[in-house]
Amino acid sequence: MPDRLSVIERELRAHPEVADCAVLRDGATLIAYVVARGGTRGEELASFLRERLPERQVPDLVAVVPVLPRTPEGEVEHESLPLPVRPGPRRSAGGKAGWGGDAVSMAPFRAMVAVVAGMVAFGLTDVLWPYSTDLTGVPQPWAGFFRGLYAAEYVSFGLGVMFLVFGRTFLARLGRPAWLTTLAQLAITWLLVAWWPQDNFYRLAAKTDWPRQAALVYGFNVTLMIAAAVLVLFVAAPRR
1 MPDRLSVIER ELRAHPEVAD CAVLRDGATL IAYVVARGGT RGEELASFLR ERLPERQVPD
61 LVAVVPVLPR TPEGEVEHES LPLPVRPGPR RSAGGKAGWG GDAVSMAPFR AMVAVVAGMV
121 AFGLTDVLWP YSTDLTGVPQ PWAGFFRGLY AAEYVSFGLG VMFLVFGRTF LARLGRPAWL
181 TTLAQLAITW LLVAWWPQDN FYRLAAKTDW PRQAALVYGF NVTLMIAAAV LVLFVAAPRR
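Counting in full-length UniProt numbering, the sequence shown runs from 1 upward without gaps.
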């Protein structure tokens, strides 16, 4: 049985002015990219679909593009498609989308979330792990290298929190199954945020405290390996 996206593509190709098309999800937004002849506009194509499909199957955006990027194997390269401006509520007619405005306008806010999360990690380190970053007695330049490590952990934690909040939109454009997209988002988040707590726990754990060492190995090292394996599965999985 054809899936929803392939049904929409089939109906679009039935339009005499449609030369090529691809339909994908960008988060919760359903987008149809269409290569159209004769100056056909997105509104016309959306109206055409409404005559042939239930309203819930009509894309939120119908974007007319000059060409669909393709891989050497001839498949549509979804990640290379331009990112339209995200709409507000569903419109009565699909419009010709602008490109990249959402990504640009949201960038400062995403950066702010990452910075704030990194600063929170910095502020909580001595509260949660007293003296774990104490470099008393460590000579230079080695103390400077360790401070660089601590800073990298804060930055990585901030990026991980930002990706947890906003990352699904980027991953959804790659066209993998929803369940795998969710796992990949969590995996990337964990790969970024885990270093801050992991290193602080390790620095305070005695080398011969075997129960704690084993708990840390399985709580962090093994789960980080699992997260990396999830990303391998995500990359290798076929598009929907």
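Backbone N, C-alpha and C define an ideal beta-carbon position, used for all residues, glycine too. Bear in mind the structure is a predicted one, so any value in this text is a computation, not a measurement.
Within the stretch 2–46, the complete alpha helix (DSSP H) segments of 4 residues or longer fall at 4–13, listed in chain order. Taking 9 angstroms as the cut-off, the Cβ atoms of V193 and F157 count as close.
Taking a cut-off of 8 angstroms for Cβ pairs, the stretch 126–134 and the stretch 199–206 touch, as three or more such pairs fall below it. Straight through space, the alpha carbons of A28 and V161 are spaced by roughly 20 angstroms.
Here F234 is near T181, since their CB atoms are less than 9 angstroms apart. Taken through DSSP and simplified to helix, strand or coil, A215 comes out as helix. Under the three-state reduction of DSSP output, V62 falls in the strand class.
With respect to V67, V35 sits close: the two C-beta atoms are nearer than 9 angstroms.
Between Y154 and L61, the alpha-carbon positions lie close to 38 angstroms from each other. Note on Y33: 16 or more other CB atoms within 10 angstroms of its CB, so buried under the neighbour-count rule.
Annotation: the continuous alpha helix (DSSP H) that includes Q198 extends over 195–204.
A distance below 6 angstroms between beta-carbons, with the five flanking residues on each side excluded, links V64 to the following residues of its chain, in chain order: V34, A36, G42, K96. The beta carbon of G148 sits closer than 7 angstroms to none of the beta carbons in its chain outside the five residues before and after it.
With a cutoff of 9 angstroms on beta-carbon distance, L191 and A205 are scored as not near each other. Annotated three-state conformation of V230 is helix, per DSSP. If you draw a straight line from the Cα of R212 to the Cα of Y218, it is about 10 angstroms long. A straight line joining the alpha-carbon of V58 with that of L45 spans about 10 angstroms.
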